[in-house]
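Residue numbers (our numbering), protein chains in the order written: chain A, 124 to 152; chain B, 34 to 149; chain C, 245 to 414. No residue lacks a Cβ here, since even glycine has one placed at the ideal position from N, Cα and C. Working notes for the structure below.
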Amino acid sequence: WSAFAPEFQELEENEKYVEKEGEFDMEDE
Amino acid sequence: TVKVSSNDRAFQLTVSGQTITGMEGYAMARASHGVAKGTWYFEVNFDEQPDESQIRIGWSQSHAALQACVGYSKFSYGWRSKHGTKFHEAKGKKYHFGGFKQGDVLGCLIHLPVDA
Amino acid sequence: DMRMLQRRLLTSLGDTNNDFFKINMLKARKKMIKFARSRIHGYGLYAMETIAQDEMIIEYIGQKIRSLVADEREKAYERRGIGSSYLFRIDEHSVIDATKRGNFARFINHSCQPNCYAKVLTIEGEKRIVIYSRSIINKGEEITYDYKFPIEDDKIDCLCGAKACRGYLN
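Dropping the structure here:
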């Protein structure tokens, strides 16, 4: 089934996403 | 007395006295009082920061989301410690080269038209 | 001996950990369902054995993100034309995003008359999404649950084909 989700990464448990500093930025000069 | 608001802030921030401590993703705490016209200024001590961490500080209307950083929407204006970039509507522009870090005293001034 | 283990464990841990034990048993019972072409939409999950009512079938696993991060991602996915989002709301603060990382629960299709339902469990302080059977599911039946998408202006057609189909996913 992973063939139907390009570069999909299978997880055994929920993974807490670590946000980047620029997570909410649209542009950053 | 202007204080850090006890409820107008993101639940995951800890506030003791006038000190706000946050971790992981950006979240906002606002002051207990706002301003509506005239020229106002406040100062904050930037006490400490772990390596690779950054903060943003600035002015925000009460509509701005608490679960994001100041400057994320049209309701707030932020200044970032990394590179000293200023942010509004999530767009970062050059502002104060070099940025700021722990140990600095940060001042934020706002100038609102008196008669509008 | 799995049942023996379960009995011994439950007596020691008390029933509140039943969910904890059952969710960990899930991994051992993966054989319950399989991935195959779906009559509803693309691919889906099918029962490989008869499943009794209110059985835990699979956990919906992905990346746990904050709501605003999810809003930003939804816009980014739409900009990049990545199909229907695999974002599952846990509560007002967080969402499970299975678009790029997670398990094959993301392939479960929606139905307006589903044979399963999703439930948010809090296990050891962590909120997790589990899909349960709503009624007995026969071997070979497609697993479906109601996505309960929020109502939106630009509609996504529902292909579930159920008699009481609402016509749209959102």
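From the options, pick the residue whose C-alpha is nearest to that of residue i; which is it?
{"i": "CYS141 (chain B)", "options": "B:ARG113, B:HIS96, B:PHE130", "result": "B:ARG113"}
{"i": "ALA209 (chain C)", "options": "C:THR294, C:ALA296, C:ILE340", "result": "Absent from the structure is residue 209 (chain C), since the part of chain C shown begins at 245 and ends at 414."}
{"i": "LYS149 (chain B)", "options": "B:GLY71, B:ASP84, B:GLU76, B:TYR105", "result": "Looking at the sequence itself, residue 149 (chain B) is Ala, so the reference to Lys does not match. Ranking the options by Cα distance to ALA149 (chain B), first place goes to B:GLY71."}
{"i": "HIS66 (chain B)", "options": "B:ASN78, B:GLN82, B:ASN40", "result": "B:ASN40"}
{"i": "ASN359 (chain C)", "options": "C:THR294, C:LEU365, C:THR343, C:LYS344", "result": "C:THR294"}
{"i": "GLU146 (chain A)", "options": "B:LYS134, B:GLY117, B:ALA123", "result": "B:ALA123"}
{"i": "ILE277 (chain C)", "options": "C:PHE264, C:GLY384, C:MET248, C:GLU336", "result": "C:GLY384"}
{"i": "GLU152 (chain A)", "options": "B:ILE143, B:LYS127, B:ALA62, B:ASP80", "result": "B:LYS127"}
{"i": "LEU139 (chain B)", "options": "B:GLY50, B:GLU81, B:MET56, B:GLU57", "result": "B:GLU81"}
{"i": "GLU370 (chain C)", "options": "C:MET248, C:PRO394, C:ASP263", "result": "C:ASP263"}
{"i": "LYS399 (chain C)", "options": "C:TYR389, C:ARG317, C:GLY411", "result": "C:GLY411"}
{"i": "ASP190 (chain C)", "options": "C:ARG372, C:ASN382, C:SER355", "result": "Here chain C has residues from 245 to 414 only, and residue 190 (chain C) is not among them."}
{"i": "VAL364 (chain C)", "options": "C:ARG247, C:ARG333, C:ASN353, C:ARG317", "result": "C:ARG333"}
{"i": "GLU142 (chain A)", "options": "C:ASP401, C:ARG317, C:ARG283", "result": "C:ARG317"}
{"i": "CYS402 (chain C)", "options": "C:ILE284, C:MET246, C:ASP298, C:ARG372", "result": "C:ILE284"}
{"i": "GLN132 (chain A)", "options": "C:SER338, C:SER329, C:GLY306, C:ARG281", "result": "C:GLY306"}
{"i": "TYR361 (chain C)", "options": "C:ASP298, C:MET248, C:ARG281", "result": "C:ASP298"}
{"i": "VAL77 (chain B)", "options": "B:ALA62, B:GLU57, B:GLY58", "result": "B:ALA62"}
{"i": "MET56 (chain B)", "options": "B:GLN100, B:PRO146, B:GLY132", "result": "B:GLN100"}
Could you check if residue i is buried or exposed, using at least 16 other CB atoms within 10 Å of its CB as the buried criterion?
{"i": "ASN347 (chain C)", "result": "buried"}
{"i": "ASP397 (chain C)", "result": "exposed"}
{"i": "LEU331 (chain C)", "result": "buried"}
{"i": "ALA69 (chain B)", "result": "exposed"}
{"i": "ASN268 (chain C)", "result": "exposed"}
{"i": "SER379 (chain C)", "result": "exposed"}
{"i": "THR47 (chain B)", "result": "exposed"}
{"i": "HIS144 (chain B)", "result": "exposed"}
{"i": "GLU136 (chain A)", "result": "exposed"}
{"i": "PHE130 (chain B)", "result": "exposed"}
{"i": "ALA94 (chain B)", "result": "According to the sequence displayed, residue 94 (chain B) carries Gln and not Ala. The residue is exposed, with fewer than 16 neighbouring Cβ atoms inside 10 Å."}
{"i": "ASP259 (chain C)", "result": "Low confidence applies to ASP259 (chain C): its pLDDT is 47, below 50, so where it sits in the model is not reliable, and the reading given next is rough at best. Counting Cβ neighbours within 10 Å, ASP259 (chain C) comes out exposed, since fewer than 16 surround it."}
{"i": "ALA296 (chain C)", "result": "exposed"}
{"i": "SER377 (chain C)", "result": "buried"}
{"i": "ASN353 (chain C)", "result": "buried"}
{"i": "GLN135 (chain B)", "result": "exposed"}
{"i": "ILE381 (chain C)", "result": "buried"}
{"i": "ARG372 (chain C)", "result": "buried"}
Would you tell me roughly how many angstroms separate the C-alpha atoms of residue i and residue j, rounded to the nearest one?
{"i": "GLN45 (chain B)", "j": "THR54 (chain B)", "result": "9 angstroms"}
{"i": "LYS392 (chain C)", "j": "ALA64 (chain B)", "result": "38 angstroms"}
{"i": "THR52 (chain B)", "j": "VAL37 (chain B)", "result": "8 angstroms"}
{"i": "VAL374 (chain C)", "j": "ILE367 (chain C)", "result": "11 angstroms"}
{"i": "ASP148 (chain A)", "j": "GLY125 (chain B)", "result": "7 angstroms"}
{"i": "GLU158 (chain A)", "j": "SER106 (chain B)", "result": "Given a span of 124 to 152 for chain A in the structure shown, any question on residue 158 (chain A) remains unanswerable."}
{"i": "PHE279 (chain C)", "j": "GLU386 (chain C)", "result": "10 angstroms"}
{"i": "GLN357 (chain C)", "j": "PHE120 (chain B)", "result": "47 angstroms"}
{"i": "ALA97 (chain B)", "j": "ALA60 (chain B)", "result": "11 angstroms"}
{"i": "ALA43 (chain B)", "j": "LEU413 (chain C)", "result": "32 angstroms"}
{"i": "ARG310 (chain C)", "j": "GLY117 (chain B)", "result": "26 angstroms"}
{"i": "GLU336 (chain C)", "j": "LYS308 (chain C)", "result": "13 angstroms"}
{"i": "LYS139 (chain A)", "j": "PHE265 (chain C)", "result": "22 angstroms"}
{"i": "ALA320 (chain C)", "j": "LYS115 (chain B)", "result": "25 angstroms"}
{"i": "LEU312 (chain C)", "j": "GLY104 (chain B)", "result": "14 angstroms"}
{"i": "ASP137 (chain B)", "j": "CYS102 (chain B)", "result": "20 angstroms"}
{"i": "PHE133 (chain B)", "j": "PHE75 (chain B)", "result": "16 angstroms"}
For residue i, which residues in chain F fall below 7 angstroms Cβ to Cβ?
{"i": "ARG310 (chain C)", "result": "Chain labels in this structure do not include chain F; the protein chains are A, B and C."}
Exercise for review: Could you tell me whether the region 288-296 of chain C touches the region 320-331 of chain C, where touching means 3 or more Cβ pairs closer than 8 angstroms?
Suggested key: no
Point to revise | alpha helix (DSSP H) segments (min. 4 residues) lying fully within the region 304-377 of chain C | key: 311-323
Review point. Does the pairing of the region 398-410 of chain C with the region 291-311 of chain C give three or more beta-carbon distances under 8 angstroms?
Key: no
Point to revise | Stretch-stretch touch, CB-based, cutoff 8 angstroms, three pairs: the region 127-141 of chain A with the region 334-349 of chain C | key: yes
Check your understanding: Do three or more CB pairs link the region 102-122 of chain B to the region 86-94 of chain B at distances below 8 angstroms?
Key -> yes
**Study point:** Start-end ranges of the alpha helix (DSSP H) lying completely within the region 382-411 of chain C, minimum 4 residues
**Key:** none
Point to revise | beta strand (DSSP E) runs wholly inside the region 48-105 of chain B, at least 3 long, in chain order | key: 52-54, 62-64, 71-78, 89-93
Review point. Can you list, in chain order, the stretches of the beta strand (DSSP E) that have 3 or more residues and sit fully within the region 104-142 of chain B?
Key: 109-113, 119-121, 124-126
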